Amino acid sequence: MAKLILSQGLALAVVCTCASAFAAPGTPTKPECFDAHERAQLAQKEKKLRAAKQDYSICANAACPKLVRSECEAELPKLDAVLASVIVSALDAGKSDSTIRISIDGTPAEQASGPIELEPGEHLLRAETSDGRSVEKRVTLPEGRRNEKVTLDVPAAAPAAPSPEPPPAPAPAPSRISPAVWVLGGVAVLGLGGFVGFGLSGKGQESDLDSCKPDCKRDDVDAMRRSYLLADISLGVALVAGGVGAYLYVSGNKKQQEQGVFVRAVPLRQGMGARLGASF
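Start counting the sequence shown at 188; every next residue gets the next number (our numbering).
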């Protein structure tokens, strides 16, 4: 009989021990109650009111010893009277958008999830869209301010800058006749004058020689030939100078127009000639 009573006593002790060790999920154990109470007091001294409220809520559980529980229950209303809260809504250019990310003091927060409890004081609220646009707002919450509504409206994306118009074409430079054209024109006129003058002179000399054929003096014959040769040279100079001048005038090529033009006297067997030159 004594052995039976002892066995039943041991079984009862084991059952009681197991029931204490395996508390219901979410129910704090006695050590956890004391730890939460200690953390809450420390957080309250450091003005970390939300953390203090969280730990006071743990040690206020009915499973905690009455002495600790009663003190924790007494502190919760005091914290509720001091803590503030905000209700944040985020918009994209005035339109609701559930994909907008919200953060408070750098910590992500859910929009449209009801009041968000915060310590009194200044806080930085930020909203950011999926394409990187964002807006920030600073709010200052006094003690006990509840359900402060804050709207974060992200501005619309800036319109794409129009492509710059091409610069207007530069105005054409006023046309001017190059000095080379004037020089060549003058040479051409002189050449034509020489052609006419020497040609008429040669023609007159030829007429005079008709009366003395075939016994004309050689000097008179050479003079006639020299006049005709100079007429031919003058005509050639006029044609070349006129052609080059016309080309430079029409082409308008400044580089070509500004090239040097020269006329030089050239000694010939039967007299003097002219040499016209131009570089391109």
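Ideal placement from N, C-alpha and C gives every residue a C-beta, glycine not left out. For clarity, every value in this text was computed on a predicted model and none was experimentally measured.
Is the beta carbon of S414 less than 8 angstroms from the beta carbon of G389? Contact: yes.
Start and end residues, alpha helix (DSSP H) containing R237: Boundaries of the alpha helix (DSSP H) harbouring R237: 236-246, taken from the DSSP string.
Kindly confirm or deny that the region 384-403 and the region 423-432 touch, where touching means at least three C-beta pairs closer than 8 angstroms. Touching, no, given that fewer than three Cβ pairs across the two stretches are closer than 8 angstroms.
Could you tell me whether the region 340-354 touches the region 381-395, using the rule of 3 or more Cβ pairs below 8 angstroms? no
Thinking C-alpha only, which one of L270, S365, T286, C259 is nearest R333? L270
Between A230, L266, T286, which lies nearest to D318 when the distance is taken from Cα to Cα? T286
Put R288 into one of helix, strand or coil per three-state DSSP. Judged by DSSP in its simplified three-state form, R288 adopts strand.
Is Q443 helix, strand or coil when you go by DSSP? Residue placement at Q443 cannot be trusted, given a pLDDT of 44 that sits under 50; what the coordinates show is reported in the next sentence. Secondary structure at Q443: helix, using DSSP grouped into helix, strand and coil.
Cβ contact check for the region 253-262 and the region 276-291: 3 or more pairs under 8 angstroms: no
Give the single residue among K234, E233, A238 whose Cα lies nearest to the Cα of A223. A238
Considering just the uninterrupted stretch of the alpha helix (DSSP H) at D402, what are its terminal residues? Careful: D402 lies outside any alpha helix (DSSP H) and carries neither H nor E.
In terms of DSSP beta bridges, what is P295 paired with? S290
Distance check for A418 and G372, CA to CA, integer angstroms please. 18 angstroms
Can you tell which of I291, P252, F221 has its C-alpha closest to the C-alpha of V326? I291
Backbone secondary structure at E315 - three-state DSSP: In the structure shown, E315 falls within a strand segment according to DSSP collapsed to helix, strand and coil.
Does DSSP put A433 in a helix, in a strand, or in coil? helix
Could you compute how far the alpha carbon of A356 sits from the alpha carbon of I289? 52 angstroms
For the beta strand (DSSP E) holding L278, just list the boundary residues, first then last. 271-279
Whole-angstrom Cβ separation of S321 and E330, contact assumed at under 8 angstroms? About 30 angstroms separates the two Cβ atoms, so there is no contact after all.
Do E304 and S272 have their CB atoms nearer than 8 angstroms? Their beta carbons are under 8 angstroms apart, which means E304 touches S272 by this criterion.
Residue span of the alpha helix (DSSP H) that contains R333, given as start and end: Note, R333: premise wrong, no alpha helix (DSSP H); not H, not E.
Could you check whether I245 and K336 sit closer than 8 angstroms to each other, using their CB atoms as the reference points? no
With a 10 Å radius around its C-beta and 16 neighbouring C-beta atoms as the bar for buried, classify V437 as buried or exposed. exposed
Can you have a look at S365 and say buried or exposed, based on whether 16 or more other CB atoms are within 10 angstroms of its CB? buried
Enclosing alpha helix (DSSP H) for E219 [first to last residue]: 217-232
Is the beta carbon of D242 closer than 8 angstroms to that of A230? yes
Compute the distance between the beta-carbons of L328 and G301, then report whether it is under 8 angstroms. Result no, Cβ atoms of L328 and G301 do not sit closer than 8 angstroms.
Report the three-state DSSP secondary structure of S365 (helix, strand or coil). coil
Rounded C-alpha distance that separates R226 from E219: Their Cα atoms are separated by approximately 10 angstroms.
Does the separation of the CB atoms of A280 and P342 fall below 8 angstroms? yes
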